[in-house]
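Colleague:
Residue numbers (the numbering used here): 9 to 409.
#1: Assuming residue 221 is part of the alpha helix (DSSP H), what are its boundary residues?
#2: Does DSSP classify residue 11 as helix, strand or coil?
#3: Under 6 Å Cβ to Cβ from residue 4, same chain only, skipping five residues before and after it: list those, please.
#4: Under 8 Å, with one C-beta from each stretch per pair, do the stretch 74 to 88 and the stretch 124 to 137 reach the 3-pair mark?
#5: Using C-beta distances below 6 Å, list every residue in its chain close to residue 341, excluding the 5 sequence neighbours before and after it, in chain order.
#6: Within the same chain, show all residues whose beta-carbon is closer than 6 Å to that of residue 131, passing over the 5 residues directly before and after it, in chain order.
#7: Residue range of the alpha helix (DSSP H) that residue 305 falls in?
#8: Could you name each continuous alpha helix (DSSP H) segment of 4 residues or more that falls completely within the stretch 143 to 204, going from the start of the chain to the end?
#9: Report all residues from its chain with a CB closer than 6 Å to the CB of residue 172; omit the five preceding and five following residues, and keep chain order.
#10: Give the secondary structure of residue 18 by DSSP, where H, G and I count as helix, E and B as strand, and everything else as coil.
#11: By Cβ distance, which residues of its chain are closer than 7 Å to residue 32, with the 5 residues on each side in sequence left out?
#12: Indicate whether residue 64 and residue 365 have their beta-carbon atoms separated by less than 7 Å.
#13: Thinking residue 332 and residue 273 are a contact (beta carbons under 8 Å), I'd like their distance in whole angstroms, please.
#14: How many Å lie between residue 258 and residue 190 at the Cα?
#15: Would you say residue 66 and residue 361 are within 7 Å of each other, going by their C-beta atoms?
#16: Whose CA, out of 337, 352, 192, 395, lies closest to the CA of residue 216?
#17: Mind checking which residues open and close the alpha helix (DSSP H) that includes residue 330?
#18: Please state the DSSP three-state secondary structure of residue 37.
#19: How about the stretch 233 to 247 and the stretch 380 to 392: do they share at least three Cβ pairs that are nearer than 8 Å?
#20: Looking only at its own chain, which residues have a Cβ that is under 7 Å from the Cβ of residue 409, when we skip the five neighbours before and after it?
#21: Below 8 Å, can you find three or more Cβ-Cβ pairs linking the stretch 292 to 308 to the stretch 242 to 249?
#22: Please state the DSSP three-state secondary structure of residue 277.
#23: For the stretch 44 to 98, which segments carrying the alpha helix (DSSP H) assignment without a break, of at least 4 residues, lie completely within its bounds, in sequence order?
#24: Does the contact criterion of 3 or more C-beta pairs under 8 Å hold for the stretch 364 to 378 versus the stretch 48 to 64?
#25: Does residue 208 come out as helix, strand or coil in the three-state DSSP assignment?
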């Protein structure tokens, strides 16, 4: 643990890069969803959303494997193991001619990518704590968010000059370069004396330990609510911009603008979190998240889509609030779990992601001719998140009962 509140830029860049392989694998194929669907014989275009949501299912379950194992065998070996799974999964995706096998490949990609995603958070927890950890996670997420800004454009360029398989191949090459950088420059953060002897029972004992911390459970639930409603946007954005608004060529830029909003918020959070505290900032961000979505539902309850300028304005406000939530929620959940950082990050990620996938699949099924169901989903889960925060404030004695 570092005593002075300082950090190395290369550490932040490396952790962000590890997490960015995940984002690149999700967002770069967004412009190619119709082409992939056509190539694999998809009849209902709504099914194309599964190529986005099901990778999250793999991310959720994979964390339960790599998180606990990293507590026993160290962080770095698990990154190499996870990336090997990602390589195999990518080969499956580019060689299949069946949609069902593609979905299996995407789930397996998620399993492999859960390793760098989980290990980046565990390594950050190994190195920092408290509000300063929230600051570091905000900076990591800020760099990480740069990827969704450029990924759809990157994917579209590859699609224009090659085909959809080139996107998978390019992601693989970029991932390999990042893992080589990680191998060469990043020291192991979990000292041998702090490792937990591996036994199958560590999954049970780790879960029991996690469940002792009610705050960690509460923040994990909120992460699931926010991630689930945000995932609906990820899986339906191509459909909204290209089918509902007929703005195919502008899709990468519209998607990038909302990603920039998240990135700017995380940057702002990194400057404010030490002064105001991660809990306070997350609390007011949840209020904003719920308020913006409820305002849209009230104004456009007829289901008729507003102009694209109005829609993007609402998305920018919605995701600006999200930018103050992602890093802070992770940090708040991980704060009491330093002694089980690997399995703690795994359970946090597993629960929030496995909650998010059915939320996204269910709500996404209603986003056909109108954006309204998306904002109804934002509203419901924004209000639920706010209720959890109100309970937490009462539990902490910050509100008189």
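Where a beta carbon is used, it is the ideal one built from N, C-alpha and C, also for glycine.
Modeller: From the atom records:
#1: For the purposes of this step, residue 221 is taken as the residue at position 213 of the chain shown. Here residue 221 belongs to no alpha helix (DSSP H), and DSSP marks it neither H nor E.
#2: By 1-based counting over the chain shown, the position of residue 11 is 3. With a pLDDT of only 49 at residue 11, under 50, the local geometry of the prediction cannot be trusted, and the value read off the model is given with reservation. Residue state, collapsed to three classes: coil.
#3: Absent from the model: residue 4. The displayed extent of the chain is 9 to 409, so no value can be given.
#4: The stretch 74 to 88 is in contact with the stretch 124 to 137.
#5: Here residue 341 refers to the residue found at position 333 of the chain shown. Answer for residue 341: 224, 227, 228, 356, listed in chain order.
#6: The sequence position of residue 131 within the chain shown is 123, counting from 1. Result list for residue 131: 83, 197, in chain order.
#7: Along the chain shown, read from residue 1 onward, the residue named residue 305 stands at position 297. Taken as a continuous stretch (DSSP letters only), the alpha helix (DSSP H) holding residue 305 covers 286 to 307.
#8: Listed in chain order, the complete alpha helix (DSSP H) runs (minimum 4 residues) inside the stretch 143 to 204 are 172 to 193.
#9: Along the chain shown, one-based indexing puts residue 172 at 164. Take residue 172, set aside five residues on each side of it, and the residues of its chain with a beta-carbon closer than 6 Å to its own are 40, 43, 44, in chain order.
#10: Stepping through the chain shown from its first residue, residue 18 is reached at position 10. Of the three classes helix, strand and coil, the one that applies to residue 18 here is helix, per DSSP.
#11: Here residue 32 refers to the residue found at position 24 when the chain shown is read from its first residue. Listed in chain order, the non-local C-beta contacts of residue 32 below 7 Å within the same chain comprise 155, 159, 179, 182, local neighbours out to five positions each way being set aside.
#12: For this step, residue 64 is matched to residue 56 along the chain shown. For this step, residue 365 is matched to residue 357 along the chain shown. Less than 7 Å divides the Cβ of residue 64 from the Cβ of residue 365.
#13: In the chain shown, counting from the first residue as 1, residue 332 sits at position 324. In the chain shown, counting from the first residue as 1, residue 273 sits at position 265. Their Cβ separation, rounded to whole angstroms, is 5 Å, which keeps residue 332 and residue 273 in contact under 8 Å.
#14: Position 250 of the chain shown holds residue 258. Position 182 of the chain shown holds residue 190. Taking the straight line from one Cα to the other gives about 35 Å.
#15: Within the chain shown, residue 66 is the residue found at index 58, counting from 1. Within the chain shown, residue 361 is the residue found at index 353, counting from 1. For residue 66 and residue 361, no; Cβs fall outside 7 Å.
#16: Numbered from its first residue, the chain shown carries residue 216 at position 208. Proximity to residue 216 across 337, 352, 192, 395 peaks at 352, based on C-alpha coordinates.
#17: If you number the chain shown from 1, residue 330 lands on position 322. Residue 330 -> alpha helix (DSSP H) spans 316 to 331.
#18: Locating residue 37 in the chain shown gives position 29, where the first residue counts as 1. Residue 37: coil per DSSP, three-state reduction.
#19: Taking one beta carbon from each stretch, the stretch 233 to 247 and the stretch 380 to 392 have 3 or more pairs nearer than 8 Å; the two touch.
#20: Within the chain shown, numbered from 1, the residue matching residue 409 stands at position 401. For residue 409, the predicted model reports a pLDDT of 38, less than 50, meaning its position is unreliable and no value from the coordinates is stated.
#21: Segments in contact, no.
#22: Reading the chain shown from its first residue, position 269 is the one you call residue 277. Here residue 277 sits in helix by DSSP.
#23: If we require 4 residues or more, the alpha helix (DSSP H) runs fully inside the stretch 44 to 98 come out as 58 to 81.
#24: Segments in contact, yes.
#25: Indexing the chain shown from 1 puts residue 208 at position 200. The answer is coil: DSSP assigns residue 208 none of H, G, I, E or B.
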